[in-house]
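Working notes, structure below.
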Amino acid sequence: MSSQVVLYDLPSQQGTSWSLNPWKTRMILNYKGIDYKTEWVEYPDLAPKFKSVGLPPNDKNAPGYFSDYSSPAIRYADGSYGMDSWPIAQELEKRYPSQSLHLDDPIVVHVRDHISKLVGPLFLHVIPKVPFLLPKPSADYFYETRAKMFGAPVQEAAKGAKEEDWEKAKEPAKEVGDLLRKNGGPFFLGETVSYADFIFVSLLQFLKRVDDSVFQRYLALDPTFPKIFEASKQWLQKED
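In the UniProt record's numbering, the protein residues as written are 1 to 240.
As structure tokens, this is what we get:
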């Protein structure tokens, strides 16, 4: 008998999902109506946990590579494992083709690769606030690893956030808005849902969890953003 699918996610202090990449996988599971449960894994426990079940490290050449072991990871119903939101999306589409993600549409890869341009200008407005969401083991890990990335303590780096960063955010945001307008919305393919929507909405949900004022200001960058977020809320409801 098949076992239940398990999603390995990073917990917030409230025991709910917050992180951008796990939300991409969670939205697929919710959209396709796949029965699953969440197993929470703290940041410092990701590598030992996933090594213990035999998961190989992430491919350093994969799009968006950040670390060898990361969330999301998943245990499929047959007991096999996968890691990283992009290959997980491919595998879930193969195993559960109903409610297609339209992964073959060029818009999906385009939006996937555009996310870094959306986040980049606002990086210092968002990332230093993440540890306030986290349980202590993950928060301590986050402070230590991101201090190495920034070359300074996280809260010191946060002082580099400037008002003009929002001006820089406008152009990449407008590009997404134009793509959403192209087929009439609310989704990138018009009335048809695709994985491109989940990638972008996961970013919006991440901003909402980290700082609602940043989220509200980001939504206001383009009139299409509140529409796609509202149309996708049904796949954000299961967050634990």
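C-beta: ideal position from N, C-alpha, C; glycine also.
Going by C-alpha positions, Phe132 is about 7 Å away from Ala139.
Between the segment 99 to 111 and the segment 185 to 202, the count of C-beta pairs closer than 8 Å reaches three or more; the two stretches touch.
Remark: fewer than three beta-carbon pairs, one from each stretch, lie closer than 8 Å, so the segment 154 to 172 and the segment 18 to 33 are not flagged as touching. Under the DSSP assignment, Ala73 falls in the beta strand (DSSP E) whose first and last residues are 73 to 75. Scanning Ile28, Leu207, Pro63 for the CA closest to the CA of Phe123 turns up Leu207. Taking 4 residues as the shortest admissible run, the segment 118 to 178 contains the following complete alpha helix (DSSP H) segments, listed from N- to C-terminal end: 123 to 126, 136 to 150, 154 to 157.
Note that the C-beta distance between Gly184 and Gly190 is below 8 Å.
Residue pairing by DSSP places Glu191 opposite no residue, since no beta bridge is assigned to it.
In the three-state reduction of the DSSP assignment, Val5 falls in the strand class. Looking from the CA of Leu29, the closest CA among Glu144, Leu219, Arg209, Gln99 belongs to Gln99. DSSP lists Val6 as the beta-bridge partner residues of Lys37. Exposure of Glu144 is indicated by the presence of fewer than 16 other C-beta atoms within 10 angstroms of its C-beta. Exclusion of the five residues before and after Lys170 leaves Leu221 as the residues of its chain whose Cβ lies within less than 8 Å of its Cβ. Sequence-distant partners of Trp23 (beyond 5 residues in either direction) whose C-beta falls short of 7 Å from its own C-beta, in its chain, are Ser17, Ser202, Gln205, Phe206. Straight-line measurement puts the Cα of Lys136 at about 24 Å from the Cα of Ile74. Contact between Asp211 and Val126 holds, since their C-beta atoms are separated by about 7 Å, short of 8 Å. Of all alpha-carbon atoms in Ala147, Leu118, Tyr69, the one lying nearest the alpha-carbon of Lys174 is that of Leu118.
Taking 8 Å as the cut-off, the beta carbon of Pro56 is found no closer than this to the beta carbon of Thr25. Residue pairing of Tyr81 in beta bridges, as defined by DSSP: Arg75. Trp86 carries a helical assignment under DSSP once its states are collapsed to helix, strand and coil. Measuring C-alpha to C-alpha distances from Ser19 to each of Val214, Val130, Pro226 identifies Val130 as the nearest.
Around Tyr65, the same chain offers Asn58, Asp59 as residues with beta carbons nearer than 8 Å, after the five sequence neighbours per side are excluded.
The shortest C-alpha to C-alpha distance from Ser12 to any of Glu230, Ser67, Phe142, Lys162 is the one to Phe142.
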